[in-house]
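Residue numbers (my numbering), protein chains in the order written: chain S, 44 to 180; chain E, 44 to 180.
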């Protein structure tokens with residue numbers, strides 16, 4: 044979670060990321076340590092609760108000072124298909140808006156828009172497994 | 044998420060909270076707007092990635108400066124049973140450690156240890172629905 048207030052007011056992802064993978068592909072990954080063809084990941088974006096009370100964007104609730112999940116703010120989807128998405132390294136990236144409502148349909152993004160950063164920084168096969176303990180093995 | 048660094052070094056919950064409810068109780072809640080007897084909520088606690096790089100506990104990754112999920116750090120469970128847990132307002136609170144490994148068995152907590160804060164601040168029936176959009180209706 045990278046709050047706008049800690050990123051000069053304009054984080055690329057100012058939201059909580061709630062990331063889901065379908066059970067079938069996860070089961071295969073558990074056994075093989077490889078994301079199978081057809082793997083779908085769904086990233087739901089959720090802004091922090093407003094109003095912000097401090098310069099760092101945090102506020103205080105019963106549990107203390109910090110960041111709390113608030114309004115939904117769009118979603119991203121990635122699909123693994125080595126042939127169909129060969130141009131972006133084997134995964135297709137889809138942006139269903141970073142605001143609400145989510146887009147009903149979208150086109151695949153170019154390599155420069157999404158995949159380049161995943162290729163550069165994600166630990167395994169364009170997936171940020173370093174931030175998802177169940178996937179990081 | 045309430046980082047230690049924003050809470051004088053000692054947040055009650057310095058972790059991400061990943062909260063799960065079993066599908067059957069959720070389905071009933073969707074229809075009735077009431078958490079049925081037997082509802083179980085499982086709260087997995089996940090510390091932020093170390094090392095911290097800034098006084099606020101944040102660090103910088105490819106997506107920007109913020110807080111990233113790291114090591115698991117125990118779990119809490121609540122069970123709704125109005126008779127069995129009448130002394131704590133109808134929910135039983137169980138602390139399976141706020142560190143790893145998780146405890147194999149635990150005893151129910153007193154009202155003063157957990158329920159009092161839920162009774163005082165949670166929006167609906169001791170559940171913090173204000174922070175869980177799918178439950179907040």
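Ideal Cβ positions, reconstructed from N, Cα and C, are used throughout, including at glycine.
- E/119 is the residue among E/67, E/119, E/83 and E/168 whose C-alpha sits nearest the C-alpha of residue 149 of chain E.
- Taking residue 113 of chain S as the centre and dropping the five residues before and after it, the same chain places the C-beta of 89, 90, 91, 92 and 93 closer than 7 Å to its C-beta, in chain order.
- For residue 160 of chain S, the C-beta contacts it makes with chain E under 9 Å involve 105 and 106, in order along the chain.
- Contact fails between the region 58-72 of chain E and the region 158-167 of chain S, because fewer than three Cβ pairs, one in each stretch, are under 8 Å apart.
- Residue 156 of chain S and residue 79 of chain E have their C-alpha atoms spaced approximately 46 Å apart.
- In this model, residue 147 of chain E and residue 139 of chain E are separated by some 7 Å (Cα to Cα).
- Residues of the region 117-135 of chain S that bring their beta carbon within less than 8 Å of a beta carbon in chain E are absent altogether.
- Apart from the 5 residues on each side of it in sequence, residue 96 of chain E sits with its Cβ closer than 7 Å to the Cβ of 102 and 103 in its chain, given in chain order.
- Below the 9 Å Cβ cutoff, chain E contributes no neighbours of residue 178 of chain S, its closest Cβ being approximately 11 Å away.
- Residue pairing from DSSP leaves residue 140 of chain S without any beta-bridge partner.
- Remark: C-beta atoms of residue 68 of chain E and residue 45 of chain E do not approach each other more closely than 7 Å.
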